[in-house]
Amino acid sequence: MGTPPRHARPRSRALRAGVLLVSGAVVTTALSLAGTANGDPPGPRVTQLGLAPDHLTAGRRAPARLELTADRCLTAARVTVAVRDRDGRNVDFPGAASDVRLCPSGHTFTSGARAFAAGSYTMFGSWQDGEGRWHPLTPITLSVAEPAGQAEPADAGAPSGPGEPSGSAEPAEADGGGPSWDASGGWRRRFTDEFDGTALDTSKWNTGWFGTGVTGPVNTAEDACYDTRNAVVSEGALHLRLTGASAICKGETRPYSGAHVNTMGLFSYSYGAVEYRARVPSVDGAVANWPALWDTGSLWPRDGEIDTLEGLSGEVCSYWHSTRVDRGHCPPSGDRAGWHTFGHTWEPGRITWFHDGKPVHTETSGIVGSPHHLVMQNTQGSFGGPTLVPADLQVDWVRVWSRRAG
């Protein structure tokens, strides 16, 4: 049971030589590629659908993501993401894509990564036409905050099994603990969130794919916008809610409002183990909606995508997506309701997935080692299961380990 690449998305845009028009949250420009003085039709219209991130932590490297579309196909000589500090100096994200084909189907450009000093910046996408003219797109404010100063969590014991939310972090153990499927003690805790507070920890998580508020989805097949208000921490768990409230994002009305959080620019890892303790929405034993716990790199699909859990057509599935492989497994399962653990180990040349501490699937083809950030979301769309609204994907905790040297 497959799914198209999660990051294949639509886009759109508009252009007029040298003029920048602001309309709501979207800036469009229209370029006359074949002069209109003689009544010729205007050139293709390019529109920016998304630009991220809109907030970062000072000193932490992160890339930028720019999502574009055009009403007719054209080739942009270059596409990049520019940044200006408060004094107007160039502090751009590194890298530019050359000879980019922009069409109604859309294009996503991911820049190289860089770090910023604390402060407020103006960030905007820009593309260059065949005559060397640059066309700036939607400007947004990039806010860079000082680090929160929180120490890295101490090594902790192995996760608990299914049951009710654990409610608190486990005591640190000298042997390093590890994921539920490996009690060898050869692990070092890299990241943890037990969701014990009353609000999402924004030093660890971003809300939305392209900024905060109501934003567009990751995948064109999704029928929900992401709404920051649908990611709530309460009663010892993170609740990612899908509602039947329609919302407007990416220029269209979608019938649902979902939730999305990620660690882009805040935390990433390369090789190791990841485990979640989560409760998926369910209807008559099937996974409802389109929940997902996954991770990916800044240059998708080159960096690959690991779907630790993806609810596809009512099944609990695991997938590996890359430029070489797009393959997964949906193991037969009994009760999909209630609390379960979902995890994977990622090693050079191998990824193995685990449900409730037991191996369910292994992939060895096309495995790469580029750093990944974590993503959790609850949405709905053509690849989801039966619709249930309102309904929550609940996450008791998420933990990431790396193997100890030696």
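Its first residue numbered 1, the sequence shown is counted upward by one per residue in the UniProt record's numbering.
Don't be surprised by glycine CBs; every beta carbon is placed ideally from N, CA and C.
DSSP beta-bridge partners for GLY311?
VAL316
Alpha-carbon to alpha-carbon, PHE109 and SER98
11 angstroms
Where DSSP assigns a beta bridge to PHE109, which residues make up the other side?
LEU66
Please report the distance separating the alpha-carbon of PRO94 from that of GLY265.
15 angstroms
Bridge partner(s) assigned by DSSP for residue 412:
Since the displayed the chain opens at 1 and closes at 406, residue 412 lies outside it and no answer follows.
Is it buried or exposed, CYS317, if we count other Cβ atoms within 10 angstroms and call 16 or more buried?
buried
With H, G and I counted as helix, E and B as strand and the rest as coil, what does DSSP make of ASN230?
helix
Quick one: what does DSSP say GLY258 is sitting in, helix, strand or coil?
strand
Rounded straight-line distance, which links the Cα of ASP356 to that of SER180:
Going by the C-alpha atoms only, they are around 8 angstroms apart.
In terms of DSSP beta bridges, what is LYS358 paired with?
HIS355
Taking PRO63 as the reference, which of ALA183, VAL91, GLU222 has the closest Cα?
VAL91
Let me make sure I understand the geometry here. Which of SER105, GLN48, SER184, VAL83 has the alpha-carbon closest to that of SER143?
Among SER105, GLN48, SER184, VAL83, the Cα nearest to that of SER143 belongs to VAL83.
Taking Cβ positions, are PRO291 and ASN378 nearer each other than 7 angstroms?
yes
Look up PHE383 in the DSSP assignment and say whether it is helix, strand or coil.
coil
For ARG336 and CYS330, I'd like the C-alpha separation in whole angstroms.
12 angstroms
Assigned secondary structure, TRP209 (DSSP; H/G/I helix, E/B strand, else coil):
Reduced to three states, the DSSP call for TRP209 is coil.
Contacts around ASP303, its chain only, beta-carbon distance under 6 angstroms, and the 5 residues preceding and following it disregarded
GLY297, SER370
Burial state of ILE248 (16 or more Cβ within 10 Å)
exposed
Using a threshold of 7 angstroms, state whether the C-beta atoms of VAL398 and ASP87 are closer than that.
no
Is it the case that the Cβ atoms of ALA58 and ALA117 are separated by a distance below 7 angstroms?
yes
Beta-carbon within less than 7 angstroms of LEU388's beta-carbon, same chain only, minus the 5 sequence neighbours each way: which residues are those?
Correct list, in chain order: PRO281, VAL283, ALA288, ASN289.
Which one of ALA231, GLY186, ASN219, VAL218 has the shortest CA to CA distance from PHE195?
ALA231
Would you grab the beta carbon distance between GLN380 and GLY258 for me? Rounded to a whole angstrom, and I think it's under 8 angstroms.
7 angstroms
Buried versus exposed, by CB contacts within 10 Å (16 or more), THR198
The residue is exposed, with fewer than 16 neighbouring Cβ atoms inside 10 Å.
Contact the segment 208-226 vs the segment 180-190: 3+ CB pairs below 8 angstroms
Touching, no, given that fewer than three Cβ pairs across the two stretches are closer than 8 angstroms.
Mind reading off the beta-carbon distance from ASN262 to TRP300? Whole number of angstroms is fine, and I expect it under 8 angstroms.
ASN262 to TRP300, Cβ: 12 angstroms. No contact.
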